[in-house]
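The listed protein sequences correspond, in order, to chains A and B. Sequential numbering from 43 applies to the first sequence in the working numbering. Sequential numbering from 43 applies to the second sequence in the working numbering. The beta carbon of each residue, even a glycine, is placed where N, CA and C say it ideally should be. Note that the structure is predicted; figures quoted are calculated from it, not measured.
2 protein chains.
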Amino acid sequence: MIPTVEILSTGDELLTGQVVDTNSTWLMDRLWDLGLMVRRKTLVGDDRGDLQAALREATARADVVVMSGGMGPTEDDLTAECVAAVLGVPLERHEPSLEAIRRRFQHFGRPMTPNNEKQALFPRGAAVIPNRFGTAPGFSVQLGRARLYCLPGVPVEYKGLCDEAVLPALAAGLESVPAGRVVKLFGLGESAVDHAMRPLMDAPENQGVRFGYRAHWPEVHVKWTVGGEDATARADRLLGEVRALFGDAVWGEGKDELPRVVVERLLSRGERVTTAESCTGGLVAELLTSVPGSSGAFDMGVVAYSYEAKSALVGVPAELIAAHGAVSEPVARALAEGSRARAGATWGVGITGIAGPGGGTPEKPVGTVHLALAGPGGTAHVARLYRGDRDRVRRSTAFEALFLLLRAMR
Amino acid sequence: MIPTVEILSTGDELLTGQVVDTNSTWLMDRLWDLGLMVRRKTLVGDDRGDLQAALREATARADVVVMSGGMGPTEDDLTAECVAAVLGVPLERHEPSLEAIRRRFQHFGRPMTPNNEKQALFPRGAAVIPNRFGTAPGFSVQLGRARLYCLPGVPVEYKGLCDEAVLPALAAGLESVPAGRVVKLFGLGESAVDHAMRPLMDAPENQGVRFGYRAHWPEVHVKWTVGGEDATARADRLLGEVRALFGDAVWGEGKDELPRVVVERLLSRGERVTTAESCTGGLVAELLTSVPGSSGAFDMGVVAYSYEAKSALVGVPAELIAAHGAVSEPVARALAEGSRARAGATWGVGITGIAGPGGGTPEKPVGTVHLALAGPGGTAHVARLYRGDRDRVRRSTAFEALFLLLRAMR
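#1: Would Trp-74/B be called buried (16 or more neighbouring beta carbons within 10 Å of its own) or exposed?
#2: Identify the contact partners of Ala-346/A in chain B, using a Cβ-Cβ distance below 9 Å as the criterion.
#3: So who's on the other strand from Glu-261/A, going by DSSP bridges?
#4: Can you list, in chain order, the residues of its chain with a C-beta nearer than 7 Å to that of Glu-123/B? Leave out the 5 residues immediately preceding and following it.
#5: From this set, Gly-419/B, Val-411/B, Leu-446/B and Ala-425/B, which residue's C-alpha is nearest Arg-436/B's C-alpha?
#6: Going along the region 70 to 90 of chain B in order, which residues come within less than 9 Å of chain A, judged by CB to CB distance?
#7: Going by other Cβ atoms of all chains shown within 10 Å of its Cβ, with 16 needed for buried, is Ile-49/A buried or exposed?
#8: If you check the beta carbons only, do Gly-91/A and Thr-52/A fall under 9 Å apart?
#9: Can you list, in chain order, the residues of its chain with a C-beta nearer than 6 Å to that of Val-345/B? Leave out the 5 residues immediately preceding and following it.
#10: What is the residue span of the beta strand (DSSP E) that Gly-81/B lies within?
#11: At a CB-CB cut-off below 8 Å, which residues of chain B make contact with Asp-433/A?
#12: With 9 Å set as the bound, which would you pick, yes or no: does the beta-carbon of Leu-399/A sit closer than that to a beta-carbon of chain B?
#13: Verify whether the separation of the beta carbon atoms of Arg-223/B and Lys-265/B is less than 9 Å.
#14: Around the Cβ of Ala-351/B, are there at least 16 other Cβ atoms within 10 angstroms (buried) or fewer (exposed)?
#15: Can you check whether the C-beta of Arg-452/A is within less than 9 Å of a C-beta belonging to chain B?
#16: So which residues of chain B does Gln-60/A contact, with C-beta pairs closer than 7 Å?
#17: Helix, strand or coil for Thr-316/A, going by three-state DSSP, please let me know.
#18: Tell me where the alpha helix (DSSP H) around Ile-143/B begins and ends.
#19: 9 Å is my cut-off, CB to CB: does Val-305/A come that close to chain B?
#20: So, for Arg-166/A: in the same chain, excluding its five sequence neighbours on each side, which residues have a beta-carbon less than 6 Å away from its beta-carbon?
#21: So, Gly-338/A versus Leu-308/A, is the Cβ gap smaller than 9 Å?
#22: Report the three-state DSSP secondary structure of Ala-60/A (helix, strand or coil).
#23: In its own chain, which residues sit with a C-beta less than 7 Å from the C-beta of Gly-417/B, not counting the 5 before and 5 after it?
#24: Please determine, among Ala-414/B, Leu-97/B, Ile-393/B and Leu-69/B, the residue with the shortest C-alpha to C-alpha distance to Gly-195/B.
#25: So is the beta-carbon of Val-373/A under 8 Å away from any non-hydrogen atom of the ligand NAP?
#26: Taking only beta-carbon atoms, is Arg-384/B less than 9 Å away from chain A?
#27: Just to confirm the assignment, what range does the alpha helix (DSSP H) spanning Arg-426/A have?
#28: List, in order along the chain, the chain A residues whose C-beta lies closer than 7 Å to that of Ala-327/B?
#29: Quick one: residues in its chain with C-beta nearer than 7 Å to the C-beta of Asp-119/B, no 5 flanking neighbours on either side, listed in chain order?
#30: Answer yes or no: do Asp-63/A and Ser-348/B have a C-beta to C-beta separation smaller than 9 Å?
#31: Using 8 Å as the Cβ pair cut-off and three pairs as the minimum, do the region 151 to 168 of chain B and the region 75 to 87 of chain B touch?
#32: Spell out the partners DSSP gives Trp-266/A in its beta bridges.
#33: According to DSSP, which residues form a beta bridge with Gln-184/A?
#34: Alpha carbon to alpha carbon, how far is Gly-176/B from Gly-400/A? Give it in angstroms, no decimals.
#35: For the beta strand (DSSP E) containing Ile-393/B, list its first residue and its last residue.
#36: With C-beta atoms as the reference, is Leu-85/B less than 9 Å away from Arg-187/A?
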């Protein structure tokens, strides 16, 4: 039997737009890996009546309820109290938790206030979930038809306790955990991906496979989970089929991130890249250097925004700019080749374009971008017309540059 | 009477971790400006039973329910059908909407499929909300005790229809719309801000003022709304008091964004900045050039990651690096001054540091950063030890650099 799961979060800050509840998105993703989909998610404020009503409703519908928030030391933190009230049991002090909280305060040299003792109070009969990531322990109880898990809302604590206690308990209750795979694509729209995937999704041998997408723009991820005895083999067979289906558009799997894949490829080949960016304004360099250890593959880059900077920093001839305009194939090539020569790098990326909202002309509208990649075998060039606002044009361009570089290193 | 508001969203993609529901956070923020707080938010999947139950429950509790999703052309889009079922009325075709959808498809030169006709079907008696941002119109009906608004889930359409139809209708029903103000701070933790704000928040003359924070890291925003007759005057008086309270830590108000404030200040003074970045890897340049029109204030920057790049691109003497190490005050100063001289800019930003996770030593642990700002009056320097991961160290550093520059242009 596949359990029904609901998520319940409490906290005024979640209802005033102060905080985006990213915890639940993260948990939904993890549950998907177990073959579970959340049936309903509810957010309520720090109000006894609302919280007790939501607890009663969720635990009457679901087999598992994962609740977060309201576990702090303040008057607004009502979770343990409300769970106890709905259960009809008193709160009881849990001495090991109180001791752990005391030690934590000692360790950080902060005074423990009487408030913090509240974080060691749990409904009678609750199973305490120790928290080595923060102060507030979690707990679980049987309530209504559901196993109810109550966790602190601080993301590092929430995720830590989910990983250590909630997800293993859920997985242990399943007859089998499905095998999940993710393939990451670039340069295709979600509808094109969906269209291409249809025959695989409708194939009789893939009955019972759960497919999904995540438009992690400018990437698209295709994912699926397979249950049953030969789950791993079936999931891996699909991996081969999906890779074959999308060919060159595939750049990664699983937890891969494009900047990291590019940097690791460079490092494994003992090669370096340099950048000369105009419209992306340093975004390509920023993405590359976001990867730990990138200094082995990247040692310099320039942002050449003006005509003068393109000439002064990369040696683009002023006549070239005058003849073709700054946003042109020859200038992109000169940026790539000039920066590569200057840095003595294996690869040189040159980018020039019109990110908008101003600067467009009928011949070169906003979104016009020229990318060039200079390398050992010569210089490749692509022209693009991206849609969207300034941020979207810049991000599309930067990821396209990384993708071009990765393709060139096959 | 202040109405009770609930949010209801539908869509399997919201329950599988594929999509973060940012629409509701946005709406909560807007409602806060009207003095309204959302009482409950519910997410359900594309399931008739779940959706009808959630509709019945929310419209029995609240005065206003804002629902999103399920308005597309596919079989999974169930909103109009489920609202009609709960109301006990049939769906009816709305000819003006069908005509508008047809025109939209003609305009974009795409064929209209029979599916799309579904988007012109509404529960009998519904008030249609035209959608000039996309295909699917919204609608509103009276259901239970609530006015129910049903909107498409695509963010640009959702926000557009909220701004054009939902929020004005809500505001019109209020006796008075409170005056809201936001002050934006840098360099202070949320708890320090809360501590400093306490006397203002507890002052008798501020009774009835609703205060809130948003930790928009590495910034903190303080906001408040005031109702009643002299709302604007009271909100503005508080603006003066909060500004006085935090002094130099205040960099903006309302919708201000730090990179934009910095670029606008530069443009208004006719000045330019250049950057020489090591550990931030181009992030400062990227933030500056994210602002439309920044080319008037920024024309070049370099990312000098290696020792050699620092010397070759900015002229940092190799002996200086050998004597003090690359992460040091003298090298930060040389980066700032060298880049300023080279670019002929008014301001030069120099950044060197250890973003981690590797590269730390007992003397210079991960998070050690030296920032320098060279300007007409000399060169300022700050040393910092930031906590957190690589991304956090880099973002803290980049925003600190922008903040330093802004402070220098008072």
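Taking the definition as stated:
#1: buried
#2: Asp-341, Met-342 and Gly-343
#3: Phe-228/A and His-258/A
#4: Leu-133
#5: Val-411/B
#6: Met-70, Asp-71, Arg-72, Leu-73, Trp-74, Met-79, Val-80, Arg-81, Arg-82, Lys-83, Thr-84, Leu-85, Val-86, Gly-87 and Asp-89
#7: buried
#8: no
#9: Glu-319, Gly-323 and Gly-324
#10: Before going further, note that residue 81/B is Arg rather than Gly in the sequence given. Element bounds for Arg-81/B: 80 to 86.
#11: Ser-332
#12: Reading the sequence as shown, one finds Pro at residue 399/A and not Leu. Interface residue, yes.
#13: yes
#14: buried
#15: no
#16: Gly-254, Tyr-255 and Arg-256
#17: strand
#18: 137 to 149
#19: no
#20: Val-131, Pro-132 and Glu-134
#21: yes
#22: Here residue 60/A turns out to be Gln, not Ala, going by the sequence shown. Correct three-state label for Gln-60/A: coil.
#23: Thr-388, Trp-389 and Ala-450
#24: Leu-69/B
#25: The ligand content of the structure shown is nil, which means the ligand NAP is not present either.
#26: yes
#27: Careful: Arg-426/A lies outside any alpha helix (DSSP H), inside the beta strand (DSSP E) at 420 to 427.
#28: Gly-323, Gly-324 and Val-345
#29: Gly-112 and Met-113
#30: no
#31: no
#32: Arg-223/A and Phe-253/A
#33: Arg-189/A
#34: 24 Å
#35: 389 to 395
#36: no
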